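Take a look at the structure set out below.
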Amino acid sequence: MLTRIITSIVAIAVFIAVIICDPIIFEFALAIVALAMLYECNQVITKSNTLRIFSYISGALILMGMIAAPSYAVMLIMLAIGLFMILTVILHGKIDFKEVFGTGLMTLYVSAFMPFIVNLRLEYGIPAMLIVFLSAWGSDTGAFFAGSFLGKHKLIPRVSPKKTVEGSVGGIISAMLCCQVLLFLTTMLGGTVASLSGFSGYVKIGAIGITASVVSQLGDLVASAIKRDCGVKDYGKIFPGHGGFMDRFDSVILIAPLVYYIVSELL
180 MLTRIITSIV AIAVFIAVII CDPIIFEFAL AIVALAMLYE CNQVITKSNT LRIFSYISGA
240 LILMGMIAAP SYAVMLIMLA IGLFMILTVI LHGKIDFKEV FGTGLMTLYV SAFMPFIVNL
300 RLEYGIPAML IVFLSAWGSD TGAFFAGSFL GKHKLIPRVS PKKTVEGSVG GIISAMLCCQ
360 VLLFLTTMLG GTVASLSGFS GYVKIGAIGI TASVVSQLGD LVASAIKRDC GVKDYGKIFP
420 GHGGFMDRFD SVILIAPLVY YIVSELL
């Protein structure tokens, strides 16, 4: 647990440093993280260099399209799907189509969902973007400690043996409180999220935290199911005690579009 805590402290310090940087640097850093996640996924899902190369090229194009030219994003996504369909034919007899589809799906998942974090920052400011991270990581942290000290009933043991119902509830409560603390701080400092002031504002942002926590836990379970099917414990080892980039961002990317569209309706 000590290793996990130390890694978290260092990672949070780096995260804060990246956030306060120029938006272009932040966008570049997030793109690097997304490509690192694709690398980790591809190392787990496929041994085909052809699939990996197409995954990186498609992922990079979609990332650039979603951030720099949103009007072309749908076209790039359709192009990527078409490329993986063609690969299914070209690689037939050499690679199972399920491996091609798995690589293609994860490529689309990571590269199309991550840019919503950038778009949240650009359109609604840093506090709005932080809702994603606080909901996901607050949920993870709350679930970890609640599960460690109170966990008795297994959640879905065949997918993730250590996750418990008590941990899940603790994660939901933690995410809700983290979002409400964010609103409290932004109310004092100003920003777009501060428009959700008053009792109704705390109710709304608390509801966002609860919803995002439930979905983020689903993202974590999806990533765990993939790891189990592929026979690995973690996607990577860059974060001691935590795994790789995918292990840290699996819950973040699934809720990024959800939070973006909810925030766009409320702010």
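Residue numbers are given in my numbering: position 59 of the sequence shown equals residue 238, and the series is strictly consecutive.
All C-beta atoms, glycine included, are put in the ideal place defined by N, C-alpha and C.
Keep in mind it's a predicted model, so treat the numbers as computed, not measured.
Judged by pairs of C-beta atoms under 8 Å, the region 416 to 428 touches the region 212 to 223, as three or more such pairs exist. Burial check for Val189: the Cβ neighbour count within 10 Å stays below 16, so the residue is exposed. Of the residues assessed, Ile199 falls on the exposed side of the cut-off, its CB having fewer than 16 other CB atoms within 10 angstroms. For Thr390, the enclosing alpha helix (DSSP H) has its first and last residue at Gly377 to Cys409.
For Gly346, the three-state secondary structure derived from DSSP is helix.
Ranked by Cα distance from Phe207, the options Gly326, Val382 and Met243 are led by Met243. The three-state secondary structure of Gly272, taken from DSSP, is coil. Gly385 has its alpha-carbon roughly 6 Å from the corresponding atom of Cys358.
It is roughly 15 Å from the alpha-carbon of Phe324 to the alpha-carbon of Lys333.
Every alpha helix (DSSP H) of 4 residues or more that sits fully in the region 192 to 245 is shown, in chain order, as 202 to 224. Assignment of Lys412 by DSSP, reduced to helix, strand and coil, places it in the coil class. Nearest to Leu266 by alpha-carbon distance, out of Ala196, Pro294 and Ser237, is Ser237. When rounded, the separation of the alpha-carbon atoms in Lys412 and Ala307 is 33 Å. Here Phe378 is exposed: its Cβ has fewer than 16 other Cβ atoms, across all protein chains shown, within 10 Å.
Under the three-state reduction of DSSP output, Gly326 falls in the helix class. The residue among Glu302, Lys277 and Glu278 with its C-alpha nearest the C-alpha of Leu446 is Glu302. Membership of Tyr440 in the alpha helix (DSSP H) is indicated by the continuous run Phe424 to Leu445. Excluding five sequence positions before and after Ser227, the CB atoms of its chain that fall closer than 6 Å to its own CB belong to Ile274, given in chain order. Ala391 and Leu364 have their C-alpha atoms spaced approximately 20 Å apart.
Residue pairing of Phe418 in beta bridges, as defined by DSSP: Gly422. Partner residues in the beta bridge of Lys333, as assigned by DSSP, are Thr343. Taking the C-beta atoms as reference points, Gly350 is found nearer than 8 Å to Gly321. A distance below 6 Å between beta-carbons, with the five flanking residues on each side excluded, links Leu255 to the following residues of its chain, in chain order: Leu240, Ile241 and Gly244. For Ser234, the closest C-alpha among the options Met355, Val289, Ala354 and Phe205 is that of Val289. Selection Cys409, Glu444, Ile432 and Ala435 evaluated against Glu278 yields Cys409 as nearest (Cα-Cα).
Put simply, the backbone Cα of Glu444 is about 12 Å away from that of Lys383.
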